[in-house]
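The structure appears right after this line, and notes come after that.
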Amino acid sequence: MSPAFLTNAEWSLVTVTNNSVVMFTLLVIAAAVAFLAAHAIIPSLVVSNESSSRTTLVRRVLYTVAALAFFTALFSLSRALINAIDLISRIYPRWLI
0 MSPAFLTNAE
10 WSLVTVTNNS
20 VVMFTLLVIA
30 AAVAFLAAHA
40 IIPSLVVSNE
50 SSSRTTLVRR
60 VLYTVAALAF
70 FTALFSLSRA
80 LINAIDLISR
90 IYPRWLI
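36 is the number that numbering that gives the first Met the number 0 gives to position 37 of the sequence shown; each next residue is one higher, with no gaps.
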């Protein structure tokens, strides 16, 4: 099972796949930070009277941001996996020996 040489098209696919993985990582971090702020930090500030009760309105926005970032991250992950499978099948045309 010898790999094929990479052409410009395969290198372009490597770049797109790498960009999708980086975007997935950044979106997961953004979703986690938004969810943490909405689910833990803001309620703690309101309960301890460090912030006004109007701050709870920001929670809805942060939950929306977290959900959008999470679903966009899933899309980015699926795109990266599809491109990676395509790339591997181009480099290794035969899966079995």
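Where a beta carbon is used, it is the ideal one built from N, C-alpha and C, also for glycine. Source: prediction; values computed, not measured.
Residue i versus the options, residue with shortest Cα-Cα distance
i, options, result
"Ala37", "Val27, Val57, Leu26, Arg53", "Val57"
"Val27", "Leu95, Ser19, Ala72", "Ala72"
"Phe74", "Ile87, Val32, Asn18", "Asn18"
"Val32", "Ser50, Glu49, Leu67", "Leu67"
"Ala29", "Ser52, Arg53, Thr6, Phe69", "Phe69"
"Leu5", "Ile87, Leu95, Tyr62", "Ile87"
Residue i burial status per 10 Å Cβ neighbour count (16 or more: buried)
i, result
"Ala8", "exposed"
"Phe23", "buried"
"Ser47", "exposed"
Residue i: first and last residue of the uninterrupted alpha helix (DSSP H) it sits in
i, result
"Asn17", "7 to 35"
"Pro42", "41 to 46"
"Tyr62", "55 to 90"
Cβ-based neighbour list, residue i, same chain, cut-off 8 Å, excluding 5 preceding and 5 following
i, result
"Ala3", "Arg89, Ile90, Tyr91, Pro92"
Cutoff 6 Å; reference residue i; Cβ partners in own chain excluding five residues on either side
i, result
"Phe34", "Ala65"
"Ser50", "Leu44"
Proximal residues to residue i (C-beta, below 7 Å), its chain only, five neighbours per side dropped
i, result
"Thr55", "Ile41, Val45"
"Ala83", "Thr16"
"Asp85", "Leu12"
Given 8 Å, three or more beta-carbon pairs between the stretch 36 to 53 and the stretch 70 to 79: no
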